[in-house]
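Number of protein chains: 2
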Amino acid sequence: MGILIVGSLALDSVATPFHSVEEALGGSATYISISASYFSGPVNIVGVVGEDFPQRYIEMLESHNIDVSGLQVVQGGKTFRWSGKYHYDMNTRDTLLTELNVFEQFDPVIPDNLRKSRFVCLGNIDPVLQLKVLDQLEGDPFVVCDTMNYWIEGKQDELKKVLKRVNVLIINDSEARLLAHEPNLIKAAKMIRDMGPQTIIIKKGEHGALLFSEDVIFSAPAYPLEMINDPTGAGDSFAGGFIGYLFKTEDTSTGNIKKAVIYGSTMASFCVEDFSTKGLENLSYLRVQDRYREFLTMTRFDELD
Amino acid sequence: MGILIVGSLALDSVATPFHSVEEALGGSATYISISASYFSGPVNIVGVVGEDFPQRYIEMLESHNIDVSGLQVVQGGKTFRWSGKYHYDMNTRDTLLTELNVFEQFDPVIPDNLRKSRFVCLGNIDPVLQLKVLDQLEGDPFVVCDTMNYWIEGKQDELKKVLKRVNVLIINDSEARLLAHEPNLIKAAKMIRDMGPQTIIIKKGEHGALLFSEDVIFSAPAYPLEMINDPTGAGDSFAGGFIGYLFKTEDTSTGNIKKAVIYGSTMASFCVEDFSTKGLENLSYLRVQDRYREFLTMTRFDELD
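Top line first, the protein sequences correspond to chains A and B.
Per our numbering, the first sequence runs over residues 6 to 310.
Per our numbering, the second sequence runs over residues 6 to 310.
Take a look at the structure:
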């Protein structure tokens with residue numbers, strides 16, 4: 006059985022100071038699944054799209070060994086749309102438009118054959134939906150969860166119920182501070198671990214990511230890129246690489262989770278090199294490994310003499 | 006011959022959301038020298054203070070094997086004063102007051118016996134003064150230089166003359182962007198290296214530091230602290246640990262410079278744990294090495310299988 010990924014599929018219109026695209030492929034489940042697909046298959050998506058979702062996107066996903074049989078296609082419905090504009094420094098963005106469309110009525114149904122999935126990634130969607138997914142799972146899956154400030158502010162009670170039931174929370178630095186009401190990230194991470202997840206990964210964009218687990222703090226840099234074309238999906242690509250590697254190795258020890266963080270950072274770095282999912286579409290596991298090695302070079306220093 | 010450090014000695018009044026101090030010991034040369042003193046002596050300061058500079062501070066410096074014979078004491082003069090207030094997140098601060106006092110007329114004179122110093126650290130002072138120091142040096146010293154946005158904006162021509170003559174520039178991320186007119190740090194670092202220094206270290210506060218050298222990018226995390234009491238002097242403490250370790254080992258190879266970056270980060274982490282120079286005053290090389298080992302633990306991940 007493969008990885009189960011539940012999240013959004015979207016049509017994104019993105020503008021940066023240098024370029025823009027209209028109705029390109031986006032959504033958390035999309036980035037997570039393509040990113041995870043380089044590690045081991047099969048990758049299974051559960052999500053929803055409208056009748057207008059281009060067939061070529063479905064084919065691209067399938068070409069990455071992504072099983073879309075759990076994808077609901079709403080006849081007459083419109084796919085979720087998001088539009089955003091990045092600032093000059095590429096670290097901040099304004100959301101120009103969010104049209105939930107078919108996502109508004111989305112009721113995630115996990116196909117019978119996927120209910121015993123051992124590795125599950127809950128993309129950034131309404132925690133009410135994340136709970137519905139958790140309720141359908143059987144056995145003792147390893148669950149990785151993403152969320153965002155919108156849910157932290159609007160659905161905190163539901164989110165806290167989710168947190169009690171997941172193994173890993175992936176969150177960015179401002180979201181961690183918001184969720185814990187604490188400006189110091191190290192304290193905030195401790196407080197969030199007390200809410201449930203054994204492991205927290207705090208993404209810091211161009212500053213990399215921090216992993217907090219039982220007695221362990223691990224710091225991963227971001228890959229140094231001279232040109233970031235589109236930061237959209239970086240966090241989801243991180244999550245995909247992270248869970249993809251854990252699934253491939255079936256090892257959730259702390260040492261292996263550290264490696265998974267580096268694979269996550271690796272996939273995020275490929276993602277931001279091009280618009281939409283383009284940066285992820287034509288990779289190979291060899292290229293992924295090469296970049297992993299660059300992370301090693303970039304962080305290694307000698308022991309004491 | 007020891008390390009030569011030229012910079013400011015100041016009386017700082019600092020307020021954070023949690024505590025405040027009045028006229029505490031501050032200044033770039035102060036932090037750099039105490040920090041460097043844990044690695045190898047002697048450490049030599051060249052700077053200026055007024056008659057009002059408390060004798061107990063001089064004694065504290067001397068107790069760290071810091072030679073103050075190059076320190077000018079201006080009779081009837083007042084010591085440089087700085088006052089600042091940190092915001093709730095401790096990452097940003099407002100300068101409330103800058104009184105140059107005796108610093109306004111400061112003409113750095115390098116004592117004859119220090120002109121052939123092999124390791125020199127130019128603290129963050131007017132680039133005109135940094136040039137005067139460089140003009141007095143003999144031989145082929147290894148020079149580490151700090152600067153700030155104030156000089157980048159006000160004395161850029163002089164600063165660029167300095168940059169042509171130093172080996173390492175230590176600068177923070179916003180200063181690097183300002184100096185290079187480039188928001189991408191990786192590009193900015195390349196552009197600044199083209200201005201002269203073979204090596205650039207970009208400090209990113211709680212996000213650690215990046216080292217850029219010939220064909221090398223190295224990323225060092227910040228030490229994860231749950232309580233930061235006073236960020237003042239962190240950058241100078243970094244510079245002190247960095248040059249202190251290079252001087253101790255007399256090895257400026259890239260591999261050793263990476264280790265020096267970690268020792269710099271180590272000293273910065275001790276600095277911010279207490280107000281003024283208190284966090285640096287009562288350390289031992291064993292404690293410094295213990296923290297260095299923690300940096301190893303925090304960054305190590307396994308090679309590819």
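Idealized CB from N, CA, C, for every residue including glycine.
Whose C-beta lies closer than 7 Å to the C-beta of residue i among residues of the same chain, with five residues either side of it excluded?
i, result
"E4 of chain A", "With chain A represented from 6 up to 310, any question about residue 4 of chain A goes unanswered, as that position is not in the structure."
"A239 of chain A", "A273, C276, V277"
"A15 of chain B", "G31, G32, T84, F85, R86, W87"
"A193 of chain B", "A181, R182, A185, E187"
"I63 of chain A", "V73"
Taking the CB atoms as reference points, tell me whether residue i and residue j lie closer together than 8 Å.
i, j, result
"I37 of chain A", "G245 of chain A", "yes"
"C3 of chain B", "I267 of chain B", "This structure cannot settle anything about residue 3 of chain B, because the visible part of chain B is limited to 6 through 310."
"Q77 of chain B", "V53 of chain B", "yes"
"N172 of chain A", "V138 of chain A", "no"
"G201 of chain A", "L230 of chain A", "no"
"S33 of chain A", "G144 of chain A", "no"
"T204 of chain B", "D17 of chain B", "no"
"K264 of chain B", "F306 of chain A", "yes"
"L252 of chain B", "S45 of chain B", "Sequence inspection shows Phe at residue 252 of chain B; the Leu mentioned does not correspond to that position. Yes, the pair counts as a contact, with Cβ atoms nearer than the cut-off."
"G55 of chain B", "S281 of chain B", "no"
"S122 of chain A", "G213 of chain A", "no"
"L184 of chain B", "I157 of chain B", "yes"
Would you mind telling me which residues of chain A sit closer than 8 Å to residue i, beta carbon to beta carbon, in chain order?
i, result
"I222 of chain B", "P229, M303"
"G284 of chain B", "Per Cβ cutoff of 8 Å: no residues; G284 of chain B is ~17 Å from chain A at best."
Looking at the unbroken alpha helix (DSSP H) that takes in residue i, where does it start and where does it end?
i, result
"K195 of chain B", "190 to 199"
"I267 of chain B", "259 to 276"
"Q294 of chain B", "290 to 304"
"D220 of chain A", "Taken as a continuous stretch (DSSP letters only), D220 of chain A belongs to no alpha helix (DSSP H), as it is neither H nor E."
"G245 of chain B", "239 to 254"
"V182 of chain A", "In the sequence on display, residue 182 of chain A carries Arg and not Val. Run containing R182 of chain A: 178 to 185, per the alpha helix (DSSP H) assignment."
"R123 of chain A", "No alpha helix (DSSP H) holds R123 of chain A; DSSP gives it neither H nor E."
May I ask which residues mark the beginning and end of the beta strand (DSSP E) holding residue i?
i, result
"Y36 of chain A", "It is not in any beta strand (DSSP E) - Y36 of chain A instead sits in the alpha helix (DSSP H) that spans 33 to 42."
"F85 of chain A", "85 to 91"
"S18 of chain A", "15 to 20"
"K208 of chain A", "204 to 208"
"D326 of chain B", "Chain B is shown from 6 up to 310; residue 326 of chain B falls before or after that span and cannot be answered."
"S8 of chain A", "According to the sequence as given, residue 8 of chain A is Ile; it is not Ser. Start and end: 8 to 11."
"E308 of chain B", "No beta strand (DSSP E) holds E308 of chain B; DSSP gives it neither H nor E."
Can you tell me the Cα-Cα spacing of residue i and residue j, whole angstroms?
i, j, result
"I233 of chain B", "K283 of chain B", "13 Å"
"M196 of chain B", "V107 of chain A", "48 Å"
"A29 of chain A", "D235 of chain A", "12 Å"
"I175 of chain A", "E109 of chain B", "51 Å"
"E308 of chain A", "T302 of chain A", "15 Å"
"V79 of chain B", "T103 of chain B", "19 Å"
"E219 of chain A", "D151 of chain B", "38 Å"
"Y91 of chain B", "F23 of chain B", "10 Å"
"F300 of chain B", "Y155 of chain B", "32 Å"
"Q141 of chain A", "V114 of chain A", "8 Å"
"I8 of chain A", "N261 of chain A", "17 Å"
Got a sec? Which residues, its chain only, sit under 8 Å from residue i by beta carbon, not counting five neighbours each side?
i, result
"N118 of chain B", "M6"
"L288 of chain B", "Y43, F275"
"L66 of chain B", "T35, S38, I39, I50, V73"
Quick one: list the residues of chain B neighbouring residue i, beta-carbon separation under 9 Å, in chain order.
i, result
"K263 of chain A", "R305, F306, D307"
"K192 of chain A", "E231, M232"
"Q294 of chain A", "L309"
"R298 of chain A", "E308, L309"
Give me the chain B residues within the contact set of residue i, using Cβ-Cβ distance strictly less than 7 Å, ordered along the chain.
i, result
"K209 of chain A", "H212"
"G249 of chain A", "Chain B residues near G249 of chain A: none, gap ~15 Å exceeds 7 Å."
"G260 of chain A", "D307"
"I267 of chain A", "F306"
"D94 of chain A", "P188"
"P226 of chain A", "S224"
By Cβ distance below 6 Å, which residues in the same chain neighbour residue i in space, the five residues on each side in sequence not counted?
i, result
"L215 of chain B", "I207, S224"
"E163 of chain A", "P132, V133"
"Q135 of chain A", "L127, V167"
Counting only beta-carbon atoms, is residue i nearer than 8 Å to chain C?
i, result
"I8 of chain A", "Annotation note: the requested chain C is absent from the structure, which comprises protein chains A and B."
So which residues of chain A does residue i contact, with C-beta pairs closer than 9 Å?
i, result
"N118 of chain B", "In chain order: nothing, as chain A lies at least about 30 Å away."
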